[in-house]
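Under this note's numbering, read the sequence shown as residues -9 to 349, first letter to last.
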Amino acid sequence: MNATIAVLAGDGIGQEIVPEAVKALQAIGERFGHRFECRNALMGGCAVDATSVPLPPETLSLAKQSQAVLLGAVGGPKWEGIEYAKRPERALLGIREALGLYANLRPAKLYGPLVDASTLKREVVEDIDILVVRELTGGIYFGKPRGIEKTATGERGINTEVYTTEEIRRIAIVAFDAARKRRRRVTSVDKANVLESSELWRRVVIEVGKSYPDVELSHMYVDNCAMQLVRYPKQFDVIVTTNMFGDILSDEAAMLTGSIGMLPSASIGGTIGLYEPIHGSAPDIAGKNIANPIATIASVGMMLSYTFNLQMEAQLIEQAIVKTLDQGARTKDIFSSGTKLVGTKEMGDLVLANMMKSP
Ligand code: NAD
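Here you go:
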């Protein structure tokens, strides 16, 4: 297979972790006979410095000509004072919108060797493997009317939760398709006892579910789900939910697993998928070779699985990460006594070596 990947390392630790992920991608190419042509472009603060805009047209056009985008992270204190439209983070919204990425997939998987890095008890978090599918371009973050208006006695703030049948249908399809590649269970999370938009959400998800008789569908109110995630997270496989509920629940699910440096994400929905770690540019540790590259390497795994449907290749990356952790290698964020402290580059090299060694 031949594919072009737009590589947008961005700012801060993005410059250190993305090269490690690209190494893993090229190694997959070598082992399995694929050709991944990686083309670099500017996005975020580095693009502001070079071109005065955070998402230059050339970057967007490269992304559109590619089959997938690999993103590091953008932003940092250097660009915090500049006008809103030129902030590096605006590039994230711009590229998601331009590529029609309405589904955000965030797996929260606890790697066995890191079980003690979680703030929850071992028996609660051991073996959790959850995928939160969050609707990304609708709901209360985008609904109209919105704003703050004067009233006779003061002011009132307004936001509106709006979902159309089509918006719900397409995110439900993403969730059911993802479940088919996993343990075939979908939990749809809503507030259908109170909100009409949730009532429609539930109805449409049930309708979509009829085309997936091999996937078990259940429903949960969001308040109960927030509680169940810390009480008994192992009950979940795929969680599908609205923009705001997903925003909150995906962060809660991520924290079950310990470090933010471990978690990948995929934004899909258009013809081109965007893959990135869930963390930011970590300016506090940038340039020191101490950032954890695993979230970005695992994002390449998601790219292989979701954009290219290369499941064996994706598994090889996954297995190499587990093996490297099993061997005791740890970046600073996941280090504990009795393990071996390694830098960003060394961690990338060890994962790579395990990929090449594995039978
Ligand atoms: P952050 O995720 O960058 O960092 C939070 C904490 O986690 C820091 O202590 C950092 O050192 C640590 N951390 C993050 N990634 C790590 C890794 N791979 N290995 C080890 N430790 C890691 O969040 P922040 O500090 O709130 O934001 C910093 C900048 O990143 C801001 O400009 C923010 O706007 C931007 N940001 C960008 C994205 C993105 O590009 N998608 C997402 C979030 C934040």
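All C-beta atoms in this analysis are idealised placements derived from N, C-alpha and C, irrespective of residue type, glycine included.
Owing to the predicted nature of the structure, the values given are computational and were not obtained by experimental measurement.
| Asked | Found |
| --- | --- |
| Determine which residues share a DSSP beta bridge with Ser257 and list them. | Asn94, Leu264 |
| Using the rule of at least 16 other Cβ atoms within 10 Å of the residue's Cβ for burial, across every protein chain shown, is Asp316 buried or exposed? | exposed |
| Does the separation of the CB atoms of Val59 and Gly34 fall below 7 Å? | no |
| Between which two residues does the beta strand (DSSP E) harbouring Asn(-8) extend? | -8 to 0 |
| Regarding Ala272 and the ligand NAD, is the C-beta to nearest heavy atom distance less than 6 Å? | yes |
| Thinking just about the alpha-carbon of each residue, which of Glu87, Ala285, Leu246, Asp180 is nearest to the one in Ser108? | Leu246 |
| Find the nearest neighbour of Asn214 within the set Glu206, Pro223, Leu207, judged by alpha-carbon distance. | Pro223 |
| Of the choices Thr314, Lys140, Ala31, Gly84, whose alpha-carbon is the least far from that of Ile284? | Thr314 |
| Suppose the cutoff is 6 Å on Cβ atoms and the five residues either side in sequence are ignored; what does the same chain contact list for Glu157 look like? | Gly128 |
| Could you tell me if Ser295 is buried or exposed, where buried requires 16 or more neighbouring beta carbons within 10 angstroms of its beta carbon? | buried |
| CB-CB under 8 Å to Met346, same chain, minus the five flanking residues each way: which ones, in chain order? | Ala17, Arg21 |
| Taking Asn30 as part of the beta strand (DSSP E), name the residues at either end of that continuous run. | 25 to 30 |
| So Ala81 and Leu52 are in contact, right, with Cβ under 8 Å, and what is the actual spacing, rounded? | Actually they are not in contact, since the Cβ atoms of Ala81 and Leu52 sit about 13 Å apart, beyond 8 Å. |
| Can Gly129 be considered in contact with the ligand NAD, in the sense that its beta carbon sits closer than 6 Å to one or more heavy atoms? | no |
| First and last residue of the beta strand (DSSP E) that includes Ser415? | One cannot answer for residue 415 here, as it falls past the ends of the chain, which runs -9 to 349. |
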